[in-house]
Structures are given as C-alpha cells and as structure tokens.
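Take the sequence shown: its letters are residues 209 to 400, numbered as in my numbering.
Have a look at the structure below before the remarks.
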Amino acid sequence: MLEGRRGWRVCAEASNGREAIQKARATKPDVAVVDIGMPGLGGIEATRQIRKASPGTEVLILSAHGSEKLARELVDAGARGYLLKEDADENLLAAVDALRRGKEYFAPKVAEWVARDRRAQRAKAPRNALTPRQRETVQLLAEGKSNKEVAATLGISIKTVEAHRANIMMKLNLHSVTELVHYAIRNEIVHT
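Structure (structure tokens):
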C-alpha cells in the first residue's frame, strides 16, 4: 500500500523492535510505522529509541487496540501518530502523509484521549509560571545580588528590577527574600 504511493519508498522493514531501531538509525526514514506489539522490544520503548536514534523520524503507531494510558505513554515516548489496525486500510496513507508533513495523526478515539490528556496537563501547569526575564531576575536575586547588580547584569534600570521583583513576589505569593531563595532552590532556578 505504501509503495503504491507515487514518490514514496519503503526503505526498510523490521521483524522486531531492536531491528526497527537499527534500521531507523541506518536509513533515517521520514516516518516509521511501528506495531505496538512487536516481539523483543515493545512499541513504546522502540518508539523512544527510534526518536533518539533518528530525531527527524516521525513515529506512527499501529495497534489492534488502544487505551488512554497506552496513548499517553506512546505520545510521551515521541509518537506523533496512532492508528488502529481496523482503520489502517482507509487511513494509513493519510496518517503517513500527515506525519511526513510534520503534523500529528490520531484515530478519532485516540485523538479524544490525547486532547483530554493535554487539557489536563495545561490545567496542572502553574498559573504563576515566571517569564524568562523573571526567572533571570529570581536567579540573580537568589544568588544574593543587589537590585543595582541585577540591573547592571541585565542591562535594565534599577526601577525596572524593583518592578520585576514586586511582580514576582506578588505572582508567587512570597513575602521575603528568604522565601524567594527557597522558591528558586525548589524550582531548580539556582542550585545549592
């Protein structure tokens, strides 16, 4: 089916997960179609290692069944597509083409799970996340720099540093420099 598409070429086939990784490393395909139930090394770990061995290769998972947990694990491993085998006859070419063009492709049921998981992740993200400039300011203050030293380091005025500091303290609900230092250590902005 894939070779029948004009301009496409199947550059390798593998019978197990380890072989798939080796062939992906050697051929650097645009898209790897990976069966979730491969012998030797399952689809999740194979996906992770294919993405590591050939970062430009997009991974399309082909599975006889799906679950929300499995979809989450595969997306976390780097898969950008997930197609149920029952839909492969109708959708395989569209799925490979989408990934080849840098887009995602998920079977409708899987797409619902992925979207729900992404919404949940966004909801968990702290609303008080700092901007890059605020993180720089926190780092310098936590390192013991004065407002004047922070201003000189960042090339901004002392008043701007004071404004950043006040905004940061309010955003994070902190009341002292000691609390700011603890925040910076907990969030790995500075290291002890």
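Idealized CB from N, CA, C, for every residue including glycine.
Because the structure is a prediction, the values reported are computed rather than measured.
Contact belief for residue i with residue j at Cβ below 8 Å, rounded distance in angstroms
i, j, result
"G289", "A306", "7 Å"
"L388", "A350", "6 Å"
"M209", "L301", "7 Å"
Residue i in three-state terms, based on DSSP
i, result
"A337", "coil"
"A240", "strand"
"A222", "coil"
"E351", "coil"
"I397", "coil"
"R214", "coil"
"L249", "coil"
Close beta carbons around residue i, own chain, < 7 Å, minus the five adjacent residues each side
i, result
"A279", "Y290, V318, W321, V322"
"G286", "T255, R256, R259, V267"
"E344", "L362"
"V398", "Q347, A350, E351, A392"
"W216", "L210"
"N299", "L291"
"L382", "L388, Y391"
Proximity winner among the options, relative to residue i (alpha-carbon distances)
i, options, result
"K353", "E298, R373, V283", "R373"
"Y391", "Q347, V239, T265, A285", "Q347"
"R326", "T255, R217, N355, K277", "K277"
"Y313", "I376, L382, L282, N375", "L282"
"V421", "M377, N355, I376", "Because the chain in this structure spans residues 209 to 400, residue 421 falls outside the shown range and cannot be described."
"E227", "V242, R217, D238", "V242"
"Q342", "V218, L300, I376, N224", "I376"
"E221", "P237, A302, R213, G212", "P237"
"A296", "A272, S384, T235", "A272"
"G274", "A302, A315, V385, N381", "A315"
"R213", "G225, I244, A303, M378", "A303"
"E294", "I269, E396, V218", "I269"
"N224", "E396, G251, S365, A371", "G251"
"M246", "T235, I229, A234", "I229"
"A234", "C219, H383, A371", "C219"
"D284", "G310, E253, K311, R308", "E253"
Close Cβ partners of residue i (< 6 Å) along its chain, the five nearest in sequence each way excluded
i, result
"A232", "A240, I258, A261, S262, T265"
"I244", "G251, I269, S271"
"L249", "G225, R226"
Cut-off 8 Å between Cβ atoms - residues of its own chain near residue i, not counting five sequence neighbours on either side
i, result
"A324", "Contrary to the premise, residue 324 reads as Arg rather than Ala in this sequence. E276, listed in sequence order."
"I366", "N355, K356, A359"
Proximity test, residue i beta-carbon vs the ligand ZN heavy atom, cut-off 7 Å
i, result
"K236", "The ligand ZN is absent from the structure shown, which contains no ligands of any kind."
Subject >> Runs of alpha helix (DSSP H) lying entirely within the stretch 259-334, each at least 4 residues, in chain order >> reply: 276-285, 296-308, 316-332
**OP:** Identify every run of the alpha helix (DSSP H) within the stretch 356-384, keeping only runs that are complete inside it and at least 4 residues long; order them along the chain.
**Re:** 366-380
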